[in-house]
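Using this note's numbering, the letters of the sequence shown correspond one by one to residues 8 to 232.
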Amino acid sequence: MTAANTRGTHGVPAGATQAGFHHRDAVRLLFILALGSEEPDPVGEGTGANRIFRGEKRAMAIDFLVRYPDYLADELLTRYEAEGEPALLALVEQIFDADEPDVRTVKMVRWRRGAFQNIEQPLSILRSYGLVRPLKQIAGQRRHDFEILPPAHEFMERAIREQPALVWYRDRVDLVMTLAGFRSGSSLKDDQYLHPEYRDAPHGTEIPQIKDRVLARLKRLKGSL
């Protein structure tokens, strides 16, 4: 996978467009897995040298906040109300000033465990280039973890150098991680279920946006200053 594979796909044949989407998803997934990873346990995980991302459900929950800027903005407003940090309000304003809910949203389907996308295709791309490797499950463990291999960070740095626009993915995942931290996927999704639009979306349908509601909340908070 080269950085060129991540470019926009307008005006190219349908097959190439599909391939472009897969590579876009692979790059986004790589940033999530790499920047959301942690040091492995001393015994029993990976090689002992590489980092570990814990939980496919957690990856889905983080991916949702990357793909839905309006839901991310709402999470930031909740933290602003709790902490009163003006920089959080400024971040939300930046999201809407850049029209991110219109130009950055990549919708996910509502399924049995919340927002879902089959990651097998992008994961297979990352595996084929030696960037990420799924860890074998320990007996009785249902969680899916991923080993982040050494070339992953070099690839991300090179991709950003060759296509500076990809820095958005790095910065956005970094921002989401300030909210998500190392909480479990179940904990993160519990917060997302608090949104009726998310919770009540019929299974198999795209989760709707909440742009207008979050904009109204932003205006109320700004008006109270």
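Just so it is clear, CB atoms sit at the ideal spot from N, CA and C, and this is done for glycine as well.
Open item on the list: By the DSSP assignment, the beta strand (DSSP E) with V139 in it spans what residues?
Closed with: According to the DSSP assignment, V139 belongs to the beta strand (DSSP E) that extends over V139 to P141.
- [ ] Could you tell me whether the stretch 85 to 93 touches the stretch 132 to 139, where touching means 3 or more Cβ pairs closer than 8 Å?
- [x] The count of Cβ pairs closer than 8 Å, one atom from the stretch 85 to 93 and one from the stretch 132 to 139, stays below three, leaving the stretches out of contact.
Task: DSSP-derived helix/strand/coil call for I59 - done: Of the three classes helix, strand and coil, the one that applies to I59 here is strand, per DSSP.
TODO: Compare the beta carbon distance of L79 and L95 with 8 Å and say whether it is the shorter of the two.
DONE: At the C-beta level, L79 and L95 stay beyond 8 Å of one another.
- [ ] State whether the stretch 120 to 131 contacts the stretch 215 to 227, with contact taken as three or more CB pairs (one from each stretch) at a distance under 8 Å.
- [x] Too few Cβ pairs lie closer than 8 Å, so no.
Task: Neighbourhood of N57 by C-beta, 8 Å cutoff - its chain only, sequence neighbours within 5 removed - done: Hits under 8 Å: P47, E154, I155, L156 and P157.
Open item on the list: To test your reading of the DSSP string, which unbroken beta strand (DSSP E) runs of 3 or more residues are found completely within the stretch 103 to 189?
Closed with: Complete beta strand (DSSP E) runs here, min 3: 116 to 118, 121 to 123, 139 to 141 and 152 to 155.
TODO: Would you tell me roughly how many angstroms separate the C-alpha atoms of K196 and L42, rounded to the nearest one?
DONE: About 19 Å.
TODO: Specify the secondary structure class of E46 as computed by DSSP and reduced to three states.
DONE: When secondary structure is reduced to three states using DSSP, E46 falls in the coil class, being assigned neither helix nor strand.
TODO: Give the single residue among A66, V34 and H29 whose Cα lies nearest to the Cα of H160.
DONE: By alpha-carbon distance to H160, the top candidate from A66, V34 and H29 is V34.
TODO: Could you tell me which residues DSSP pairs with G213 in its beta bridges?
DONE: It should be noted that the sequence gives Glu, not Gly, for residue 213. Residue pairing by DSSP places E213 opposite V116 in a beta bridge.
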